[in-house]
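Residue numbers (the working numbering): 1 to 400.
Note that the Cβ used here is the ideal one computed from N, Cα and C, for glycine as well.
Taking it in order: structure first as structure tokens, then the write-up.
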Amino acid sequence: MECTGAWLTQILHNPRFRDSTEPPSVVPPAKRTQVCFDIIMASALVSRQKSNGNRPFPTVIFGAISAFALYTLIVRTALPINPEFHEHCPVSPSYMASALVPNALPYSGNVGVDTALCHLVTFFHVSFTAPPGQGWKLTVNLLASIAGPFFILYMEAARAGCPSVLAFPTAVGLLCQGMTAAAVLPLYWIALIACGSPGGIDCAVAEGLGFGLVVGYVVPTVAMGMGYENRYIVAAWQGFPLFIGVARWAYSLARPPPKAGVSARRTRRGYAVTQGILASIALVSGASHLYTMTMSTAGAFLETFRSVYLPPYPRYPYTHDTLGSAVRLLLAWDGLFTWGGALAAGAWNFPAADLARTCLVLPPVFIILGPGSAVMGVWMWRETILKQNSVGFEVPRRTE
Numbered sequence: 001m002e003c004t005g006a007w008l009t010q011i012l013h014n015p016r017f018r019d020s021t022e023p024p025s026v027v028p029p030a031k032r033t034q035v036c037f038d039i040i041m042a043s044a045l046v047s048r049q050k051s052n053g054n055r056p057f058p059t060v061i062f063g064a065i066s067a068f069a070l071y072t073l074i075v076r077t078a079l080p081i082n083p084e085f086h087e088h089c090p091v092s093p094s095y096m097a098s099a100l101v102p103n104a105l106p107y108s109g110n111v112g113v114d115t116a117l118c119h120l121v122t123f124f125h126v127s128f129t130a131p132p133g134q135g136w137k138l139t140v141n142l143l144a145s146i147a148g149p150f151f152i153l154y155m156e157a158a159r160a161g162c163p164s165v166l167a168f169p170t171a172v173g174l175l176c177q178g179m180t181a182a183a184v185l186p187l188y189w190i191a192l193i194a195c196g197s198p199g200g201i202d203c204a205v206a207e208g209l210g211f212g213l214v215v216g217y218v219v220p221t222v223a224m225g226m227g228y229e230n231r232y233i234v235a236a237w238q239g240f241p242l243f244i245g246v247a248r249w250a251y252s253l254a255r256p257p258p259k260a261g262v263s264a265r266r267t268r269r270g271y272a273v274t275q276g277i278l279a280s281i282a283l284v285s286g287a288s289h290l291y292t293m294t295m296s297t298a299g300a301f302l303e304t305f306r307s308v309y310l311p312p313y314p315r316y317p318y319t320h321d322t323l324g325s326a327v328r329l330l331l332a333w334d335g336l337f338t339w340g341g342a343l344a345a346g347a348w349n350f351p352a353a354d355l356a357r358t359c360l361v362l363p364p365v366f367i368i369l370g371p372g373s374a375v376m377g378v379w380m381w382r383e384t385i386l387k388q389n390s391v392g393f394e395v396p397r398r399t400e
């Protein structure tokens, strides 16, 4: 979901933006807003049944979210801080790290790839260190909270009857790394709502999902959190969608699903495993959120929540005190679009009663346990609804 992807490299080095000498205007303090969250959740109210008649609604709504995310993250925020990133990652055929440009390393030997990785490494190094004393905690909380939306990609690809458009979660994950999850995932939700499979997941495949999540995401993320000063570790972490895919494939070799197809009993076991994984992500994300909220002083919990999850909308031209404050704003908006889209997509086809209960419960859960837990709660309930409505989960009754 990273906010300065490989595809931005040419834009960020465009002389039109890099060499601009226009003085930034004074920007008044922006009001903290929940408009994005309200718009995204309202989209779930537009259509609750999957039919050909209402499929244009998710296309319009999620397409608009994707476009708005790109405009907010790139035009409003990323381009104004382009000169500072250029100072950390100069365009040069030779990458010799020095005290001035410690992130410009020969990560792959390809100048274009190395430049993109340099931007990402710089971005994460700044996020871990700014603001002093809080940056590490805020970044770890973000990484814990985005595990859920990425896991959903692989979970949906593992369903019986998954269409080919949803069968390549690693490719979608890498696109999220290069083009921001805020812009890519809304387009994925359109495909999921339009043609997603309601089928169950075999227990062996579900176990592979958990194995892939731990080996492909948890281990690299812990390594980066503990060793973010090592630029190569941070650069390697950017490929975690590929690591998850490889780990799943390796597990399938050791424990392949039955060739005869998915049985009702194995599907029910797969449902239990999948729900356990979603609950584990919610638990870790909630614990990380509560740990992050310990930064607040007595009586300032809501103010801390607003500062972390409800950022001010960046005016253009964007001005910032430090590169760290700009990076924090980028991360906050990237996360807000990602979580909001995942919430809306998960609740899109809920029956009216379930949707009403979700809308009532979601705000306090979002505040108390954080966005990651809220997203996982919605998708756990979605799994329950699919289980109740799918014949693939039930054991056929014997006929006398």
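- P312 carries a strand assignment under DSSP once its states are collapsed to helix, strand and coil.
- Around the beta carbon of L369, a 10 Å sphere encloses 16 or more other beta carbons of the protein chains shown; the residue is thus reported as buried.
- For Q134, the closest C-alpha among the options C162, Y154, R328, A279 is that of R328.
- No Cβ-Cβ contact shorter than 8 angstroms links I281 with G196.
- Spatial neighbours of A342 in its own chain (CB-CB distance under 6 angstroms, excluding positions within 5 residues in sequence) are listed in chain order as P149, V375.
- The three-state reading of DSSP puts W237 in helix, counting H, G and I together.
- Taking the Cα positions, A287 is about 14 angstroms away from L278.
- Judged by pairs of C-beta atoms under 8 angstroms, the segment 372 to 391 touches the segment 336 to 352, as three or more such pairs exist.
- In chain order, S66, A69, L70 place their CB closer than 6 angstroms to the CB of A183, counting only its own chain and leaving out the 5 sequence neighbours on each side.
- Between V273 and G210, the C-beta gap is smaller than 8 angstroms, which places the two residues in contact.
- By the Cβ neighbour-count rule, M155 is buried, with 16 or more other Cβ atoms within 10 Å of its own.
- Annotation: L153 to G245 spans about 11 angstroms, alpha carbon to alpha carbon.
- In the DSSP assignment, Y188 falls within the unbroken alpha helix (DSSP H) covering 181 to 195.
- Per the Cβ contact rule, the segment 172 to 182 is not in contact with the segment 358 to 365 (fewer than 3 Cβ pairs under 8 angstroms).
- Closest option to L105, judged by alpha-carbon separation, among M380, A223, A236: A236.
- By the C-beta density criterion, L302 is exposed, having fewer than 16 other C-beta atoms within 10 angstroms.
- Following the DSSP letters along the chain, one finds R255 in no alpha helix (DSSP H), marked with neither H nor E.
- One Cα belongs to P102, the other to T319, and the distance between them is close to 25 angstroms.
- When only Cα atoms are considered, R76 and H119 end up about 18 angstroms apart.
- In this model, I61 and E84 are separated by some 34 angstroms (Cα to Cα).
- Y107 has its alpha-carbon roughly 7 angstroms from the corresponding atom of L117.
- Fully contained in the segment 309 to 384 are the following alpha helix (DSSP H) runs of length 4 or more, in chain order: 323 to 347, 352 to 369.
- Put simply, of T358, V219, P371 the residue whose alpha carbon is nearest the alpha carbon of I385 is T358.
- A Cβ-Cβ contact shorter than 8 angstroms links L73 with L330.
- The alpha-carbon separation between V140 and R159 amounts to approximately 30 angstroms.
- By the criterion of a C-beta distance shorter than 8 angstroms, E383 is surrounded in its chain by Y271, T274, Q275, L278, once the five residues flanking it on both sides are discounted.
- Just measuring C-alpha positions, the residue of G161, L290, T322 sitting nearest V308 is L290.
- For A272, the enclosing alpha helix (DSSP H) has its first and last residue at 264 to 293.
- By the beta-carbon neighbour count (other beta carbons within 10 angstroms, threshold 16), G208 is buried.
- The beta carbon of W249 sits closer than 6 angstroms to no other beta carbon from its chain once the five residues preceding and following it are set aside.
- When G212, P58, A194 are compared, the shortest CA-CA separation from V165 is found for A194.
- C162 carries a coil assignment under DSSP once its states are collapsed to helix, strand and coil.
- Per DSSP, C118 is one residue of the alpha helix (DSSP H) stretching across 111 to 129.
- In the structure shown, L209 adopts helical secondary structure according to DSSP, grouped into three states.
- F305 sits in a helix when the DSSP states are folded into three classes.
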